[in-house]
Amino acid sequence: MTVRTILFVNLRRIQREGRESLLAARRLGYKAVLLGRSLPEFAKPLVHEFRQVDTYDREASLAAAREIAAEYDLAGVANFTEIDVQLVAAIAADLGLPGMSETAALRGRNKYAMKDALRHLDGVLPRFAKVQDLAELRAAVEEIGLPAVVKPTGASGSKGIFELRKPDDLDAAMERLTQIAQPDFDPVFRQFGAEFIVEEFLEGDELSVEGFVSGGEVHVVTITDKVTSVPFHLELEHKVPSALPETAWGEIKATTKDIIAGLEFDNCAFHLEAKWGERGLRFIEVAARPAGDYIGSHLVPLATGVDYFENVVRVATGEPLSLDHDRKLNVGLKFVLAERAGRFEEIEGLPAVCGDPGLDHVFYEVAAGTEVALPPQNFGQQRVAAVIASHPERSGLEALLGRISGEVRARVAPVVGHAE
Ligand SMILES: Nc1ncnc2c1ncn2[C@@H]1O[C@H](COP(=O)(O)OP(=O)(O)O)[C@@H](O)[C@H]1O
Ligand SMILES: [Mg+2]
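The sequence shown: position 360 = 360 (full-length UniProt numbering), numbered continuously.
Structure below.
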């Protein structure tokens, strides 16, 4: 029997997640060929072949994918990352593999194109406008009102989320956003650059919807409750499944289907973010890829028994999905954030809490001794570790996560000679 091959385009930055994605392909009996900017050490034994290419260069990447397709019996092309959504759609179209249209992929990547395509949905979107400079932002806020949020149209990972609460905030946010939205600050800005979207500030409980769309059919696997930090909205805590009432689940699932259909997403995992409040579901964004933050790799499988990453491989290759839940456990994650800039030394308090059998995993994201900075200087270093907990009951999970907040903290030493 010939072993079929799946083409991966880059891996998630968090190594555990990247590893889980390659292991999922292997479990399903696929050889993985990786097209990407680099091959991390952990991936070497899991990747059949690595082709180095600058995946920001679409033509070079398409040419490399064609060469790979000439050598291997490719069953599909998969991405687990935000930045590769459009490239993967283009490769799939070029090679005749399951994928989505380029229009859908653009809507997946650009927060303005996304909302623009959903104007027909009643009462779901915040008021919004595209802006490129301070004058445009001021004019837009006249219409939208305060509080509002301004953010880059093409970023992810909470890079450059600015709350606008009073008129003065507009100048400061636009000044900082113009500095941030540069490829030198982060390559995510190579495509859409200094293009921003300003939105009415949505109130309510934050959630995400984890699912798949395959051959036009939308499947919701679960809903995650989420907490983000103030004021820069870094992800702080996730809990699966959401504790919202059944009526909310019903509305969330129905609106999710309308959103995915409106965007014409297909043959992909999706991670939809929204708020649930007095006015029902209000939409923030949806990504055409599996959730990060260990949600897809760990939380969903631990809580439901659905192997989320295996299904990412299935949806990419056109295999039937396997979405039956075999358990009902409450699983949550808490990020440990550095409270100030400096040199990260250690996570304190872990030995005391880790004796609890409900504490499943601890992930260090930053090595001891690394210098860390906080937003708005840096949006990726504040998070130094993540702790996962599980419990048969939601209240038990809350108690465990409460212990992590209360007893676990990052020790960060000041760096002499640096301003904090
Ligand atoms: N219109 C909004 N109202 C309230 N909060 C928002 C709004 N837009 C973004 N946020 C907050 O900022 C976070 C990140 O914004 P998002 O658009 O999801 O960008 P990213 O691509 O960085 O995840 C959201 O999860 C939410 O907490
Ligand atoms: Mg988001």
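Just so it is clear, CB atoms sit at the ideal spot from N, CA and C, and this is done for glycine as well.
- GLY305, DSSP secondary structure in three states: The DSSP-derived three-state label of GLY305 is coil.
- Message: Quick check: does the Cβ of SER158 come within less than 7 Å of any heavy atom belonging to ligand 1?
- Response: Yes; taking the cut-off as 7 Å, the Cβ of SER158 has a heavy atom of ligand 1 nearer than that.
- Distance between GLU393 and LEU97 (C-alpha atoms, nearest Å): Cα to Cα, the separation comes out at about 42 Å.
- Message: Please output, in chain order, the residues near ligand 2 using a CB cut-off of less than 6 Å to any non-hydrogen atom of the ligand.
- Response: The filter returns GLU273 and GLU285, in chain order.
- Item | Terminal residues of the alpha helix (DSSP H) in which GLU264 lies | Careful: GLU264 lies outside any alpha helix (DSSP H) and carries neither H nor E.
- Taking just the CA atoms, how far does ALA75 sit from LYS130? Their backbone Cα atoms lie some 39 Å apart in a straight line.
- Message: For SER214, list the residues DSSP reports as bridge partners.
- Response: Bridge partners of SER214: GLU217.
- Message: Is it buried or exposed, GLY108, if we count other Cβ atoms within 10 angstroms and call 16 or more buried?
- Response: GLY108 counts as buried, since no fewer than 16 other beta carbons sit within 10 angstroms of its beta carbon.
- Euclidean distance between Cα positions of VAL331 and ILE180: Taking the Cα positions, VAL331 is about 35 Å away from ILE180.
- Would you mind reading off the limits of the beta strand (DSSP E) that contains VAL331? 330-337 is the span of the beta strand (DSSP E), which, as asked, contains VAL331.
- Item | DSSP state of ALA90 mapped onto helix, strand, coil | If DSSP states are grouped into helix, strand and coil, ALA90 belongs with the helices.
- Message: Tell me which residue opens and which closes the alpha helix (DSSP H) that SER21 is part of.
- Response: First-last of the alpha helix (DSSP H) with SER21: 15-27.
- Task: Flag PRO126 as yes when its Cβ comes closer than 7 Å to any non-hydrogen atom of ligand 1, and as no otherwise.
- Result: Yes, the beta carbon of PRO126 sits closer than 7 Å to at least one heavy atom of ligand 1.
- Message: Starting from PRO152, trace the beta strand (DSSP E) in both directions and tell me its first and last residue.
- Response: Segment 148-152, the beta strand (DSSP E) holding PRO152.
- Return yes when the C-beta of LEU35 is under 7 Å from any heavy atom of ligand 1, and no when it is not. No heavy atom of ligand 1 is found nearer than 7 Å to the CB of LEU35.
- Message: Measuring straight from C-alpha to C-alpha, what distance separates ARG58 and VAL209?
- Response: Going by the C-alpha atoms only, they are around 30 Å apart.
- Message: Closest to TYR294 by C-alpha separation, out of GLU365, GLY358, PRO320 and GLY318, would be which residue?
- Response: Residue GLU365 is the option with its Cα nearest to TYR294.
- Item | Simplified DSSP state of GLY380, which is helix, strand or coil | Note: GLY380 maps to coil in three-state DSSP.
- Query: For GLU345, which of ALA410, PRO45 and ASP116 has the nearest alpha-carbon?
  - Reply: Ranking ALA410, PRO45 and ASP116 by Cα distance to GLU345 puts ALA410 first.
- What's the gap between the Cα of ASP326 and the Cα of LEU137? Distance between the alpha carbons of ASP326 and LEU137: 49 Å.
- How many angstroms separate the CA atom of LYS44 from the CA atom of LEU177? Each residue's Cα considered, the two are about 37 Å apart.
- Does ligand 1 have even one heavy atom less than 7 Å from the beta-carbon of VAL149? Within the cutoff, so yes.
- Where are the alpha helix (DSSP H) runs, 4 residues long or more, that stay fully inside the stretch 57-82, in chain order? Every alpha helix (DSSP H) of 4 residues or more that sits fully in the stretch 57-82 is shown, in chain order, as 58-71.
- Item | Under the three-state DSSP convention, the category ARG119 falls into | Secondary structure at ARG119: coil, using DSSP grouped into helix, strand and coil.
- Task: Note down the Cα distance separating PRO183 from GLY193, rounded to an integer number of angstroms.
- Result: When rounded, the distance between both Cα atoms is 7 Å.
- Which stretch, first to last residue, makes up the beta strand (DSSP E) that contains VAL33? VAL33: member of the beta strand (DSSP E) spanning 31-36, first to last residue.
- Task: Identify the continuous alpha helix (DSSP H) that holds LEU234 and give its terminal residues.
- Result: Note, LEU234: premise wrong, no alpha helix (DSSP H); not H, not E.
- Task: Ignore the nearest five residues each way along the sequence and tell me which others in VAL306's own chain have a CB closer than 7 Å to its CB.
- Result: VAL221, VAL300, LEU323 and HIS325.
- Task: Determine the direct distance from the alpha carbon of GLY396 to that of GLY318, and round the result to whole angstroms.
- Result: In a straight line, the C-alpha of GLY318 is about 39 Å away from that of GLY396.
- Just the C-alpha distance for ILE83 and ALA155, rounded to the nearest angstrom, thanks. Here the alpha carbon of ILE83 sits roughly 8 Å from the alpha carbon of ALA155.
- Is LEU134 near ligand 1, with its Cβ less than 7 Å from a heavy atom? Outside the cutoff, so no.
- Own chain residues within Cβ distance below 7 Å of ALA148, not counting five before or after: Counting only Cβ-Cβ distances below 7 Å, and skipping sequence neighbours, we find VAL141, LEU164, VAL198, GLU199, GLU200 and PHE201.
- Message: Spatial neighbours of ARG127 within its chain, please: C-beta separation below 8 Å, excluding the five flanking residues on both sides.
- Response: So the qualifying residues of the chain are GLU143, ILE144, GLY145, GLU199 and GLU200.
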